[in-house]
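Engineer: Pasting a structure below so you can have a look.
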Amino acid sequence: MKSACTIPEIQAVMVATGASKSKSAARYKTKPDMLERLRAFVTTQRRIDGSFLPLSTHLHAALALTSFDAPDLSSPHRQHRVHDPTSLTLFQIHPRTRDAFYRMHRLMYMTLSLPVQPTLKRATWGDWQRAVCRYEPTAWPGLLVIFGKVAAFPRVTLAAPSRPLFPTLHALMAYECASVLRHATRLIVDGVRLDHLLPSSARGLTADWLDVRPPTLLAFAGAASPSITSSSFSSSQPTKADFCDNVHAFLQSVDNMDSFVGELRACLASSLHLTREDDKQRRVFLEPYDATYALARSMDLVVGVYEKLGEYDKALVLLQELLATSVLGHKRGSWYTRLAINLEMHMKQPTDARAVCDTALSDPRVFPADRMDLLRRHRRLAKTPTTEDKEVVVEGCYPTHTIDGRPLNRAVGEKSRFIGYDDDSVTVEALVLQHYKSQGWHGAHDEGASFRSLLGLLLWDVMFLNDVPDVFQTPFQSRPLDMDMRYSDHFYNARAAAIDAVVMKLRASSALDLCAWIAATWHAHQGTQCWLVRWEGSLTLPYMQLMAIGIGAPALAAIVQVWVKHLETSGLPDLFMLRVVARPREHMGLPAHLVDRHTNCVDIPAWSAMEGGGDIDALMGQHQTVEAQFVEVKGPRDRLSDTQIVWLDRLNAAGISSVVCYVQEPPTKKKKKQKTQEEDEIRGKPTTDPPTCTTSTSKTKRSKGIPPPHVPIELLDY
1 MKSACTIPEI QAVMVATGAS KSKSAARYKT KPDMLERLRA FVTTQRRIDG SFLPLSTHLH
61 AALALTSFDA PDLSSPHRQH RVHDPTSLTL FQIHPRTRDA FYRMHRLMYM TLSLPVQPTL
121 KRATWGDWQR AVCRYEPTAW PGLLVIFGKV AAFPRVTLAA PSRPLFPTLH ALMAYECASV
181 LRHATRLIVD GVRLDHLLPS SARGLTADWL DVRPPTLLAF AGAASPSITS SSFSSSQPTK
241 ADFCDNVHAF LQSVDNMDSF VGELRACLAS SLHLTREDDK QRRVFLEPYD ATYALARSMD
301 LVVGVYEKLG EYDKALVLLQ ELLATSVLGH KRGSWYTRLA INLEMHMKQP TDARAVCDTA
361 LSDPRVFPAD RMDLLRRHRR LAKTPTTEDK EVVVEGCYPT HTIDGRPLNR AVGEKSRFIG
421 YDDDSVTVEA LVLQHYKSQG WHGAHDEGAS FRSLLGLLLW DVMFLNDVPD VFQTPFQSRP
481 LDMDMRYSDH FYNARAAAID AVVMKLRASS ALDLCAWIAA TWHAHQGTQC WLVRWEGSLT
541 LPYMQLMAIG IGAPALAAIV QVWVKHLETS GLPDLFMLRV VARPREHMGL PAHLVDRHTN
601 CVDIPAWSAM EGGGDIDALM GQHQTVEAQF VEVKGPRDRL SDTQIVWLDR LNAAGISSVV
661 CYVQEPPTKK KKKQKTQEED EIRGKPTTDP PTCTTSTSKT KRSKGIPPPH VPIELLDY
């Protein structure tokens with residue numbers, strides 16, 4: 001009942017047995033509360049003849065009644081069916097059969113992310129062992145689409161794969177076992193207490209820990225055996241259920257994290273040996289469905305745990321073993337960085353740390369943002385940068401400006417809050433939005449979501465091309481498998497002709513052509529799930545068209561040409577701003593309430609809220625000037641990340657205005673230096689700097705007061 005029955009069904013059983021007199025479940029907060037009440041009632045109450053209440057009979061009747069109005073999904077009109085209570089039968093599935101159905105379900109929806117599940121909180125090692133063998137929650141998009149709970153997926157042609165996703169049955173079982181180990185590792189990282197991971201006797205690097213023994217798990221112990229890797233098993237060979245039982249038995253018997261990590265290392269070495277021959281034939285974007293990938297992800301997670309435990313020597317060994325492989329290429333930059341930090345800060349070996357940076361800078365698989373961090377670290381370790389370093393360093397070049405804010409808190413580590421222009425408590429992003437609003441700009445804090453949606457509308461046909469083999473494995477995909485920053489090279493090379501056609505079309509498009517293009521894609525696919533496009537929220541078709549006009553077709557062509565080669569979505573500026581400047585003699589055709597008389601700009605929210613949405617043709621017919629820009633907001637104790645710097649450079653290079661707005665706080669007290677100078681003047685002592693006038697009451701450029709809404713900010717180009 002806990003696994004299969006809904007709350008209304010359990011409530012119906014409670015009423016039928018007499019455990020509850022109310023047909024409402026409001027009295028009980030959760031399903032476990034209801035089941036506990038039902039369990040206590042049926043185990044203590046008996047009938048006149050002394051027998052227990054027939055719970056199974058009441059359960060059959062209750063399920064029949066609750067399913068009376070269930071719609072017939074096979075009927076085109078969803079007609080309601082009438083169920084005969086006597087024809088309802090309940091089955092108890094054997095655990096191994098249930099496991100088989102569970103694995104088939106996981107394979108059907110393998111391209112989707114798992115639902116969010118509650119993590120362990122300050123758990124012990126025993127709590128982890130009890131939780132690790134429970135079933136993970138799984139997605140049910142097929143049923144949810146039928147019931148209208150989620151949007152439909154794009155319709156794509158599922159052609160016969162050029163090569164099986166799992167070349168052998170053993171490869172499938174190794175992948176499933178590695179996924180269980182990855183789930184177990186995630187539970188360790190999320191919730192197991194650090195003092196329960198290792199006994200005091202296991203601290204420090206030992207020869208026993210360094211020794212990598214053969215794996216004990218069946219899925220990896222027979223990696224070199226042809227009989228195990230064959231696509232069929234005889235009756236004397238292990239079955240799929242045996243592989244799963246073997247993994248669960250290992251998790252129940254492992255006594256600490258060192259033993260668990262030792263098995264991970266052994267399994268990874270065995271899996272690398274097994275898949276080495278297939279690397280040239282296997283497509284790179286199918287890497288996540290290989291056991292090696294899941295094992296390497298597990299190793300990457302435990303590196304952070306060892307660092308928290310202060311076991312930096314063990315973390316160094318794991319990082320070196322990961323860098324010796326070719327998996328998880330997108331993580332190589334972070335591995336090099338962590339290796340250099342551990343060597344320099346914790347092992348006190350700056351020379352070795354610099355050597356790691358040298359190796360990283362010569363690795364072509366390191367991403368641009370990671371390369372910037374490694375270059376910065378290398379120059380600091382070298383102290384005197386060489387000419388070669390200067391040529392490679394990518395310096396950020398972007399306009400910046402600063403506004404003053406009235407802070408409500410100054411604590412380090414807390415989210416900064418300020419007093420806004422409306423005297424209300426606001427975040428730092430909301431304060432900057434209010435500042436720009438005084439100049440006629442309309443924006444939203446969406447971390448680039450609107451811009452990603454625009455890219456998705458322009459590249460829709462490119463994303464869902466049917467000519468690229470193996471990128472669509474199931475009907476439940478919101479993007480092709482190679483549309484990921486990890487496999488951006490394959491994505492671009494496989495669609496180079498289609499991408500070049502989109503870029504050429506953008507360069508030749510006028511504002512009206514651009515609007516028609518976006519409208520056609522919007523109407524054809526509205527509501528369909530897509531990795532880039534966000535249909536819900538405040539985004540409307542007129543707003544997306546206005547956004548494209550403000551950026552401009554040439555700039556869109558330039559940024560699309562760059563983005564498809566990287567596919568990075570994180571690091572976009574916080575705010576996207578739009579402004580429609582109405583010409584004084586030509587905006588008379590617009591309703592008066594749509595034009596702000598102070599800024600002479602169109603009120604974009606009011607225009608978008610018009611009946612049927614804003615009319616983009618009418619707006620463009622008035623010869624307005626549409627402007628767009630990105631704004632990255634930084635508070636008093638915040639700085640730009642390398643990924644953000646890369647995006648600012650890309651956007652500005654493409655011709656899209658992108659600035660950084662710093663919000664500064666006024667000083668809390670008088671500067672000590674100025675106070676000392678005033679005391680020296682009273683005593684007649686000479687001062688190094690000329691005295692500061694403190695009697696003037698007029699505000700200067702250095703005044704810390706918030707500027708009034710009509711005062712423009714000063715742009716400083718660095």
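So the sequence shown is numbered by the UniProt record's numbering: it starts at 1 and just counts up by one.
Glycine residues also receive a C-beta, built at the ideal position from the N, C-alpha and C atoms.
Considering only C-alpha positions, which residue in the set R650, A653, A654 and Q629 is nearest to C661?
Structural biologist: Among R650, A653, A654 and Q629, the Cα nearest to that of C661 is on Q629.
Engineer: In chain order, what residues of the same chain have a beta carbon less than 6 Å from the beta carbon of V180, not counting five sequence neighbours either side?
Structural biologist: V247
Engineer: Could you tell me which of Q526, T569 and R507 sits nearest to I551, measuring between CA atoms?
Structural biologist: R507
Engineer: Alpha carbon to alpha carbon, how far is Q529 from Y109? Give it in angstroms, no decimals.
Structural biologist: 15 Å
Engineer: Assign I146 to buried or exposed, taking buried as 16 or more other Cβ atoms, counted over all protein chains shown, within 10 Å of its Cβ.
Structural biologist: Exposed, because fewer than 16 other Cβ atoms sit within 10 Å of the Cβ of I146.
Engineer: Please report the straight-line C-alpha distance between R106 and F476, rounded to a whole angstrom.
Structural biologist: 12 Å
Engineer: On the three-state DSSP scale, how would you describe I559?
Structural biologist: helix
Engineer: The beta strand (DSSP E) with P161 in it runs from where to where?
Structural biologist: First-last for P161: undefined, no H or E at that position.
Engineer: Along the chain, where does the alpha helix (DSSP H) containing L143 start, and where does it finish?
Structural biologist: P141 to I146
Engineer: Mind checking R81: buried by the 16 CB within 10 Å criterion, or exposed?
Structural biologist: Only weak support exists for where R81 lies, its pLDDT of 45 falling under 50; the value from the coordinates is given anyway. Exposed, since its Cβ has fewer than 16 Cβ neighbours within 10 Å.
Engineer: Quick one: is C601 buried, meaning 16 or more other Cβ sit within 10 Å of its Cβ, or exposed?
Structural biologist: Buried is the call here.
Engineer: Following the continuous beta strand (DSSP E) through A628, name the residue where it begins and the one where it ends.
Structural biologist: T625 to K634
Engineer: Between the segment 313 to 330 and the segment 283 to 300, are three or more C-beta pairs nearer than 8 Å?
Structural biologist: yes
Engineer: Mind checking I7: buried by the 16 CB within 10 Å criterion, or exposed?
Structural biologist: exposed
Engineer: Starting from the Cα of A100, find the closest Cα among D208, A19 and T239 and give me that residue.
Structural biologist: T239
Engineer: Excluding the 5 residues preceding and the 5 following M463 in the sequence, name in chain order all residues of the same chain whose CB lies nearer than 7 Å to its CB.
Structural biologist: R479, P480 and M483
Engineer: Please state the DSSP three-state secondary structure of A151.
Structural biologist: coil
Engineer: Quick check: what's the CA-CA separation for P666 versus A555?
Structural biologist: 38 Å
Engineer: Does the distance from the C-beta atom of C177 to that of A219 stay below 8 Å?
Structural biologist: yes
Engineer: Comparing alpha-carbon positions, which option in A606, D422, H490 and E447 lies nearest L532?
Structural biologist: E447
Engineer: Should the segment 508 to 526 be called in touch with the segment 179 to 193, which here means at least 3 C-beta pairs below 8 Å?
Structural biologist: no
Engineer: By the 10 Å Cβ neighbour count, where 16 or more other Cβ atoms means buried, how is L172 classified, buried or exposed?
Structural biologist: By the neighbour-count criterion, in which 16 or more other beta carbons inside 10 Å mark a residue as buried, L172 falls on the buried side.
Engineer: Going by DSSP, which residues form a beta bridge with I403?
Structural biologist: V663.
Engineer: Apart from the five residues on each side of it in sequence, which residues of its chain come closer than 7 Å, Cβ to Cβ, to W563?
Structural biologist: L455
Engineer: Could you check whether the segment 419 to 433 touches the segment 396 to 411, counting it as contact only if at least three pairs of C-beta atoms, one from each stretch, sit closer than 8 Å?
Structural biologist: yes
Engineer: Rounded to whole angstroms, what is the Cα-Cα separation between M257 and L198?
Structural biologist: 6 Å
Engineer: Shortest alpha-carbon distance to F243 belongs to which of A266, T216 and F260?
Structural biologist: Of A266, T216 and F260, the residue nearest in Cα terms is T216.
Engineer: Along the chain, where does the beta strand (DSSP E) that runs through R579 open and close?
Structural biologist: L575 to V581
Engineer: Give the DSSP-derived three-state secondary structure of C357 in the structure shown.
Structural biologist: helix
Engineer: What did DSSP end up calling S570 once you bin it into helix, strand or coil?
Structural biologist: coil
Engineer: Around the C-beta of C397, are 16 or more other C-beta atoms found within 10 angstroms, so that it is buried, or is it exposed?
Structural biologist: exposed
Engineer: Whole angstroms are fine: how far does the CA of R377 sit from the CA of P368?
Structural biologist: 14 Å
Engineer: Quick one: is M345 buried, meaning 16 or more other Cβ sit within 10 Å of its Cβ, or exposed?
Structural biologist: exposed
Engineer: Does the segment 409 to 417 touch the segment 628 to 645, meaning 3 or more C-beta pairs lie closer than 8 Å?
Structural biologist: yes
Engineer: How many Å lie between V502 and A548 at the Cα?
Structural biologist: 15 Å
Engineer: Considering only their Cβ atoms, is the gap separating R338 from L381 smaller than 8 Å?
Structural biologist: no
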